[in-house]
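Presented below is the structure to which this report refers.
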Amino acid sequence: NAGVTQTPKFRVLKTGQSMTLLCAQDMNHEYMYWYRQDPGMGLRLIHYSVGEGTTAKGEVPDGYNVSRLKKQNFLLGLESAAPSQTSVYFCASRGTSANEQFFGPGTRLTVL
Amino acid sequence: ELKVEQNPLFLSMQEGKNYTIYCNYSTTSDRLYWYRQDPGKSLESLFVLLSNGAVKQEGRLMASLDTKARLSTLHITAAVHDLSATYFCAVGWTGTASKLTFGTGTRLQVTL
Numbered sequence: 005n006a007g008v009t010q011t012p013k014f015r016v017l018k019t020g021q022s023m024t025l026l027c028a029q030d031m032n033h034e035y036m037y038w039y040r041q042d043p044g045m046g047l048r049l050i051h052y053s054v055g056e057g058t059t060a061k062g063e064v065p066d067g068y069n070v071s072r073l074k075k076q077n078f079l080l081g082l083e084s085a086a087p088s089q090t091s092v093y094f095c096a097s098r099g100t101s102a103n104e105q106f107f108g109p110g111t112r113l114t115v116l
Numbered sequence: 015e016l017k018v019e020q021n022p023l024f025l026s027m028q029e030g031k032n033y034t035i036y037c038n039y040s041t042t043s044d045r046l047y048w049y050r051q052d053p054g055k056s057l058e059s060l061f062v063l064l065s066n067g068a069v070k071q072e073g074r075l076m077a078s079l080d081t082k083a084r085l086s087t088l089h090i091t092a093a094v095h096d097l098s099a100t101y102f103c104a105v106g107w108t109g110t111a112s113k114l115t116f117g118t119g120t121r122l123q124v125t126l
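Quick note, the sequences are listed as chains D and S, same order. Here the working numbering is used: the first residue of the first sequence is 5, the next is one more, and so on. Here the working numbering is used: the first residue of the second sequence is 15, the next is one more, and so on.
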């Protein structure tokens, strides 16, 4: 049981490049979330999903897109990366009957 | 707009001392979470507080919730160096896809 995993762990992009971050969970959780964490700040919600095929905007969705084609996977896409998107990205998941979110190890993204 | 404020933002304390971290939030909530984050690591769940007056303890840490005052506290008793980390509170609600709003975090440094 791996819990929540994220791919890749580190990535460096140039401005304007695109990439996709993958989050996978093996706990059969309905809810999944993408957060970003910037220095000196708490986590801020980018997008979330309440089930396969559904997504919704969080607090800071601009510049990101997401997809949840399979229940166990939640993809975060950056179509045209900007330096302001340099951050650590965390994925989390939660079951409908659980009280807490479980977090992945994070992806450290640098946009030059 | 929900605001979650933690104070202090940085806390340096000596081993053996006691201290309290405060988490204030601006709107009603029915659940409050405390997380620990070590440098470069993901978030580790410490406590989930689900009702007014809830108190939970684990080792040298004790968390409480006062929903009427919209205040949660994380009390540290006889601090040890291993407690050095950043502590986040997060506020959530049922029925809203269990989204969380995080505080800015309190960086705790326990010195010998």
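We put the beta carbon where it would ideally sit given N, CA and C, even for glycine.
Item checked: Gln-71 of chain S burial status per 10 Å Cβ neighbour count (16 or more: buried) -> The residue given as residue 71 of chain S occupies position 57 in the second sequence. When all chains shown are included, Gln-71 of chain S counts as exposed.
Margin query: Check for me: the beta strand (DSSP E) holding Trp-48 of chain S runs from which residue to which?
Written below: Position 34 of the second sequence, counted from the start, is the residue given in the question as residue 48 of chain S. From DSSP, the beta strand (DSSP E) with Trp-48 of chain S extends over 45-51.
Notebook entry, point to check: If contact means a Cβ-Cβ distance below 8 Å, which residues of the stretch 101-121 of chain S contact chain D?
Noted result: Phe-102, Ala-104, Ala-111, Ser-112, Lys-113, Leu-114, Thr-115, Phe-116, Gly-117, Thr-118, Gly-119
Item checked: Neighbour-count burial assignment, Thr-125 of chain S, 16 or more Cβ in a 10 Å radius -> Residue mapping note: residue 125 of chain S aligns to position 111 of the second sequence, counting from 1. That one is exposed.
Notebook entry, point to check: Can you tell me the Cα-Cα spacing of Trp-38 of chain D and Met-31 of chain D, whole angstroms?
Noted result: Here residue 38 of chain D refers to the residue found at position 34 when the first sequence is read from its first residue. Here residue 31 of chain D refers to the residue found at position 27 when the first sequence is read from its first residue. Each residue's Cα considered, the two are about 17 Å apart.
Item checked: Neighbour flag for Ser-56 of chain S against chain D, beta carbons, 7 Å -> For the purposes of this step, residue 56 of chain S is taken as residue 42 along the second sequence, with counting starting at 1. It does: the Cβ of Ser-56 of chain S has a partner Cβ on chain D nearer than 7 Å.
Margin query: For Leu-63 of chain S and Thr-81 of chain S, I'd like the C-alpha separation in whole angstroms.
Written below: In the second sequence, residue 63 of chain S corresponds to position 49, counting from 1. In the second sequence, residue 81 of chain S corresponds to position 67, counting from 1. Roughly 10 Å between the two C-alpha positions.
Next item on the list: Could you please give the first and the last residue of the uninterrupted beta strand (DSSP E) stretch that includes Gly-19 of chain S?
Entry: By one-based count along the second sequence, residue 19 of chain S stands at place 5. First, the amino acid is wrong: residue 19 of chain S is Glu here, not Gly. Segment 18-21, the beta strand (DSSP E) holding Glu-19 of chain S.
Next item on the list: In angstroms with no decimal places, state the Cα-to-Cα distance between Gly-62 of chain D and Ala-86 of chain D.
Entry: The sequence position of residue 62 of chain D within the first sequence is 58, counting from 1. The sequence position of residue 86 of chain D within the first sequence is 82, counting from 1. Roughly 19 Å separates the two Cα atoms.
Note to self: Can you confirm whether the stretch 50-69 of chain D touches the stretch 23-38 of chain S when touching is taken to mean that 3 or more C-beta pairs between the two stretches lie within less than 8 Å?
What the structure shows: Cβ pair count under 8 Å is below three, so no.
Next item on the list: Excluding the 5 residues preceding and the 5 following Lys-75 of chain D in the sequence, name in chain order all residues of the same chain whose CB lies nearer than 6 Å to its CB.
Entry: If you number the first sequence from 1, residue 75 of chain D lands on position 71. Result list for Lys-75 of chain D: Glu-56, in chain order.
Note to self: Measuring only the C-alpha atoms, how far is Tyr-49 of chain S from Leu-57 of chain S?
What the structure shows: By one-based count along the second sequence, residue 49 of chain S stands at place 35. By one-based count along the second sequence, residue 57 of chain S stands at place 43. In a straight line, the C-alpha of Tyr-49 of chain S is about 6 Å away from that of Leu-57 of chain S.
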